[in-house]
Amino acid sequence: MANLNLFDYIHGITTLTFVLLSIIIGIRLLTKYKTLKRKEIITVGLAWIFLSSAWWGSSFSFLSILIANYEFEELVFFSLANLFIPVALVCWIYSFSHIIYPNSEKKITIPFIVISAVYEVILIILLLTPSLYFEYIGEIRDEFYYTPGILTLVFQLLSVLITIITGYIFSYKSLKATDQKVKWKGRFLVIAFTFFIVGALFDALIPMDEITVVIVRSILILSAVFYYLGFLLPDRLAELLGAIEK
Numbered sequence: 223m224a225n226l227n228l229f230d231y232i233h234g235i236t237t238l239t240f241v242l243l244s245i246i247i248g249i250r251l252l253t254k255y256k257t258l259k260r261k262e263i264i265t266v267g268l269a270w271i272f273l274s275s276a277w278w279g280s281s282f283s284f285l286s287i288l289i290a291n292y293e294f295e296e297l298v299f300f301s302l303a304n305l306f307i308p309v310a311l312v313c314w315i316y317s318f319s320h321i322i323y324p325n326s327e328k329k330i331t332i333p334f335i336v337i338s339a340v341y342e343v344i345l346i347i348l349l350l351t352p353s354l355y356f357e358y359i360g361e362i363r364d365e366f367y368y369t370p371g372i373l374t375l376v377f378q379l380l381s382v383l384i385t386i387i388t389g390y391i392f393s394y395k396s397l398k399a400t401d402q403k404v405k406w407k408g409r410f411l412v413i414a415f416t417f418f419i420v421g422a423l424f425d426a427l428i429p430m431d432e433i434t435v436v437i438v439r440s441i442l443i444l445s446a447v448f449y450y451l452g453f454l455l456p457d458r459l460a461e462l463l464g465a466i467e468k
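For what it's worth, this note's numbering labels the leading residue of the sequence shown as 223, then goes sequentially.
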């Protein structure tokens with residue numbers, strides 16, 4: 223087995239926890255389509271699943287090392303960490319425009335589909351050109367630590383920025399609602415998007431050790447929980463919050 227130290231285990235376990243929880247929450251949102259019959263719930267769930275894909279390379283590579291003592295090749299690692307982010311962006315923009323600006327849904331969504339498709343084509347070409355990995359795609363350090371290249375870093379930052387801005391707009395609209403349950407959903411979404419941007423920025427910018435990695439991953443895990451509550455607030459919790467009458 224690869225020579226993993228304590229920090230490697232803490233980093234791998236906390237990252238995998240965030241990713242698996244995000245996938246579970248996304249699937250939970252998807253299953254709610256059967257009862258709610260709202261198609262945007264599908265893309266809301268997919269958006270969060272694929273938003274967590276930025277951490278798929280690290281988390282699944284760690285899992286692969288634990289189970290099979292196999293380190294992902296660069297192509298597999300980079301594909302997992304990058305190919306699904308444009309899908310997340312399109313899913314979220316569709317959900318946002320469908321709910322907030324239904325009359326402009328196509329005008330808002332189509333440009334993002336085009337941009338994401340162009341990026342995917344460029345990304346696939348670069349993924350098939352290993353000599354360009356370091357500059358444009360990134361590098362893997364110590365088995366499963368990923369440092370993005372210039373292309374992937376710029377797209378990830380723009381995707382996060384767009385998601386956060388539209389997320390806050392979405393939350394603000396909810397906060398202005400007269401329905402108390404909708405207001406609480408808006409509050410939870412504000413917390414979710416704030417925690418996500420803080421966690422993502424800290425993850426990229428601050429040096430990680432056994433303590434900071436737990437703190438940062440905990441912030442990301444909480445962002446996933448609050449995202450779920452922002453769209454599917456259970457009635458029991460709503461009652462405790464005074465959002466609905468018992």
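For glycine and all other residues, C-beta sits at the position ideal for the given N, C-alpha and C.
Start and end residues, beta strand (DSSP E) containing residue i
{"i": "ARG363", "result": "360-363"}
{"i": "THR369", "result": "367-370"}
Run of the alpha helix (DSSP H) containing residue i, from where it starts to where it stops
{"i": "PRO324", "result": "Element bounds for PRO324: n/a, residue is neither H nor E."}
{"i": "PHE356", "result": "Here PHE356 belongs to no alpha helix (DSSP H), and DSSP marks it neither H nor E."}
{"i": "LEU242", "result": "228-253"}
{"i": "LYS261", "result": "261-273"}
Proximal residues to residue i (C-beta, below 8 Å), its chain only, five neighbours per side dropped
{"i": "LEU375", "result": "GLY360"}
{"i": "PHE448", "result": "PHE410, LEU411, ILE413, ALA414 and PHE417"}
{"i": "LEU459", "result": "LEU451"}
{"i": "GLY464", "result": "GLN402"}
{"i": "LYS397", "result": "Correcting the residue identity first, residue 397 is Leu in this sequence and not Lys. Here the set comprises LYS405, GLY408, ARG409 and VAL412."}
{"i": "GLU342", "result": "LEU305 and PRO308"}
Close Cβ partners of residue i (< 6 Å) along its chain, the five nearest in sequence each way excluded
{"i": "VAL438", "result": "GLY421, PHE424 and ASP425"}
{"i": "ILE391", "result": "none"}
Candidates the options: closest to residue i by CA position
{"i": "LEU477", "options": "LEU462, GLY389, LEU454 and LEU463", "result": "Because the chain here runs from 223 to 468, residue 477 falls outside it and cannot be looked at."}
{"i": "LYS328", "options": "CYS313, PHE229 and GLU342", "result": "CYS313"}
{"i": "PRO456", "options": "GLU357, LEU444 and VAL404", "result": "VAL404"}
{"i": "LEU231", "options": "LYS254, PHE300 and SER283", "result": "Just to set this straight, residue 231 is Tyr in the shown sequence, not Leu. Among LYS254, PHE300 and SER283, the Cα nearest to that of TYR231 is on SER283."}
{"i": "THR385", "options": "VAL309, ASN225 and GLY234", "result": "VAL309"}
{"i": "PHE240", "options": "LEU380, ASP401, ARG409 and TRP277", "result": "TRP277"}
{"i": "PHE299", "options": "PRO352, VAL266 and VAL343", "result": "PRO352"}
{"i": "ILE307", "options": "ILE321, SER317 and LEU345", "result": "LEU345"}
{"i": "LEU226", "options": "LEU349, GLU461 and LEU285", "result": "LEU285"}
{"i": "GLU357", "options": "LEU348, ASP364, GLU365 and ARG363", "result": "LEU348"}
{"i": "ILE366", "options": "ALA303, LEU427 and LEU354", "result": "First, the residue type needs correcting, since residue 366 is Phe and not Ile in the sequence shown. For the residues ALA303, LEU427 and LEU354, the minimum Cα distance to PHE366 belongs to ALA303."}
{"i": "ILE387", "options": "TYR341, SER319 and TYR368", "result": "SER319"}
{"i": "ILE235", "options": "LEU383, SER280, SER274 and ARG250", "result": "SER280"}
{"i": "ILE321", "options": "ILE428, VAL343, TYR355 and SER393", "result": "SER393"}
{"i": "ILE263", "options": "LEU238, TYR316, VAL435 and LEU383", "result": "TYR316"}
{"i": "HIS233", "options": "TYR368, LEU462, VAL382 and SER381", "result": "TYR368"}
Same chain, Cβ closer than 7 Å to residue i, neighbours up to 5 away in sequence not counted
{"i": "PRO370", "result": "GLY360 and GLN378"}
{"i": "TYR323", "result": "ILE330"}
Quick one: complete alpha helix (DSSP H) runs, 4+ long, within the region 291-320? 296-304
Evaluate the contact criterion for the region 292-299 versus the region 319-335: three or more CB pairs, one atom per stretch, below 8 Å. no
If you pair each beta-carbon of the region 266-277 with each one of the region 335-344, do three or more pairs fall below 8 Å? no
Length at least 4, wholly inside the region 394-460: the alpha helix (DSSP H) runs in chain order: 402-427 and 432-453
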